[in-house]
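Here the sequence shown is numbered in the numbering used here, starting from 15 and rising by one per residue. Below is one structure, written out as structure tokens; the observations come after it.
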Amino acid sequence: MPVGTAGTVKAMTQQALEELSVALLLGNTYHLYLRPGHELIRRMGGLHRFMSWPGGILTDSGGYQVFSLADLRKIGDEGVRFRSHLDGTEHLLTPEKAIEIQRALGSDIGMVLDECIEYPASLDRAASAAKRTLEWARRCKTEIETSPASEANPEQVFFAIVQGGAFKDLRRENAAALVALDFPGYAIGGLAVGEPHELSCEIAGETAACLPRERPRYLMGVGKPEQLIDYVRCGIDMMDCVLPTRNARNGYLYTRQGPLHIKNAEFIDDPRPIDESCACMTCRRYSRAYLCHLFRANEILAAILNTHHNLYFFLDIMKAIREAIAFGNLSRFSSELQARLAAGHP
Numbered sequence: 015m016p017v018g019t020a021g022t023v024k025a026m027t028q029q030a031l032e033e034l035s036v037a038l039l040l041g042n043t044y045h046l047y048l049r050p051g052h053e054l055i056r057r058m059g060g061l062h063r064f065m066s067w068p069g070g071i072l073t074d075s076g077g078y079q080v081f082s083l084a085d086l087r088k089i090g091d092e093g094v095r096f097r098s099h100l101d102g103t104e105h106l107l108t109p110e111k112a113i114e115i116q117r118a119l120g121s122d123i124g125m126v127l128d129e130c131i132e133y134p135a136s137l138d139r140a141a142s143a144a145k146r147t148l149e150w151a152r153r154c155k156t157e158i159e160t161s162p163a164s165e166a167n168p169e170q171v172f173f174a175i176v177q178g179g180a181f182k183d184l185r186r187e188n189a190a191a192l193v194a195l196d197f198p199g200y201a202i203g204g205l206a207v208g209e210p211h212e213l214s215c216e217i218a219g220e221t222a223a224c225l226p227r228e229r230p231r232y233l234m235g236v237g238k239p240e241q242l243i244d245y246v247r248c249g250i251d252m253m254d255c256v257l258p259t260r261n262a263r264n265g266y267l268y269t270r271q272g273p274l275h276i277k278n279a280e281f282i283d284d285p286r287p288i289d290e291s292c293a294c295m296t297c298r299r300y301s302r303a304y305l306c307h308l309f310r311a312n313e314i315l316a317a318i319l320n321t322h323h324n325l326y327f328f329l330d331i332m333k334a335i336r337e338a339i340a341f342g343n344l345s346r347f348s349s350e351l352q353a354r355l356a357a358g359h360p
């Protein structure tokens with residue numbers, strides 16, 4: 015999923031996203047709640063209509079953003095009390111409020127409120143957060159079942175989020191309790207927060223094995239291009255990451271020969287495309303020299319063209335992984351990819 019934090023994937027129009035065959039993108043509950051406000055979006059007919067997006071939308075609960083604002087929030091059993099990073103006003107985000115906001119947004123998939131913790135964290139810290147995450151999931155479930163459905167999207171569903179830090183026993187216990195609550199899908203949270211990739215895969219695989227195979231399994235906030243297939247092999251169906259878009263705006267572009275920094279002097283007079291084996295619009299039409307000029311001149315078009323390429327690159331990897339699964343050769347595909355990576359030709 016490309017990340018569309020404030021109802022927009024930065025540097026991309028909705029038409030461009032459609033042309034890239036984006037099926038599902040992510041919107042951020044915390045940011046949309048603070049600006050322009052969930053009630054305004056509700057009056058506008060929901061987030062799909064507000065941003066004129068016909069595809070799928072997943073909204074997170076706001077828990078991760080609150081986690082990242084350590085100096086501006088205080089977590090308790092009731093919820094999270096925090097100060098807006100925009101104007102300093104105080105707010106209380108409870109499990110019930112997270113559902114209310116996402117009902118107003120009318121996303122296709124909403125997320126329950128969870129407590130995301132740092133890495134490394136002690137066993138006691140992880141256990142406390144997992145316990146609170148489970149209790150908040152129960153409260154969210156009650157709110158989902160007793161409150162009116164979204165006016166903008168009556169078919170909206172909500173996923174639970176498994177926590178437990180880097181402790182497999184906690185993850186298994188938390189997953190089993192959440193599965194007993196019978197959500198339509200499940201996410202694995204609290205990874206990609208600084209832990210080694212190998213540990214991330216261990217925890218993701220252990221947790222995914224505890225979740226129903228027939229329901230979507232979503233790993234939040236990952237990952238690098240070469241990591242995507244690792245997570246799929248762990249049993250993950252869905253991922254989101256800001257890397258393709260954020261890095262594009264900083265001139266960091268992905269290619270099958272490894273990443274390149276388009277601002278570097280070596281590209282000033284380079285007539286080649288970013289990636290000669292890439293079929294995206296940017297690579298078909300523009301040279302590295304031109305893209306280098308745009309970035310150095312701080313032109314808006316640099317962010318647009320770079321973002322288009324990076325999103326195409328990530329989506330193309332996922333397309334190849336889906337095809338490998340369909341043809342029953344995911345293991346071979348993974349081995350070949352790892353061999354190319356080791357040889358410096360990803």
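In this text, a Cβ means the ideal position worked out from N, Cα and C, and glycines have one as well. Note that the coordinates shown come from a computational prediction; the quantities given were computed from them, not determined experimentally.
Query                                                                                                                                                        : Result
What do you reckon, is the C-beta of Leu107 under 7 Å from a heavy atom of the ligand GTP?                                                                   : Of the ligands one can find in the structure shown there are none, so the ligand GTP has no counterpart to examine.
Just the C-alpha distance for His52 and Phe64, rounded to the nearest angstrom, thanks.                                                                      : 11 Å
List, from N- to C-terminal side, the alpha helix (DSSP H) runs of 4 residues or more that fit wholly inside the stretch 75 to 128.                          : 77 to 82 and 109 to 119
In the stretch 176 to 208, which residue ranges form an unbroken alpha helix (DSSP H) of at least 4 residues, counting only runs that do not cross its ends? : 182 to 194
Express the C-alpha separation of Ala222 and Pro198 in angstroms, rounding to a whole number.                                                                : 15 Å
By a C-beta neighbour count over all protein chains shown, 10 Å radius and 16 as the cutoff for buried, is Gln177 buried or exposed?                         : buried
Quick one: measure Cβ to Cβ for Thr22 and Asn42, integer angstroms, because I've assumed they're closer than 8 Å.                                            : No, Thr22 and Asn42 are not in contact; Cβ-Cβ is about 11 Å, not under 8 Å.
From Leu184 to Ala144, what distance separates their C-alpha atoms?                                                                                          : 7 Å
From the DSSP output, in three-state form, read off Leu46 for me.                                                                                            : helix
Based on Cα-Cα distance, which residue from Asp251, Ile276 and Met252 lies nearest to Arg263?                                                                : Ile276
Once the 5 residues before and after Ala180 are set aside, which same chain residues still bring their CB inside 8 Å of it?                                  : Tyr133, Pro134, Ala135, Ala140, Glu209, Leu213 and Ile217
With 16 as the cutoff for other CB atoms within 10 Å, does Ser75 come out buried or exposed?                                                                 : buried
What is the DSSP secondary structure of Leu38, counted as helix, strand or coil?                                                                             : strand
Under 8 Å: do the stretch 86 to 106 and the stretch 55 to 64 share three or more Cβ pairs, one atom per stretch?                                             : no
Do the CB positions of Pro239 and Ile331 come within less than 8 Å of each other?                                                                            : yes
Helix or strand or just coil, what does DSSP make of Met252?                                                                                                 : strand
Phe328 to Tyr200, Cα distance in whole Å?                                                                                                                    : 23 Å
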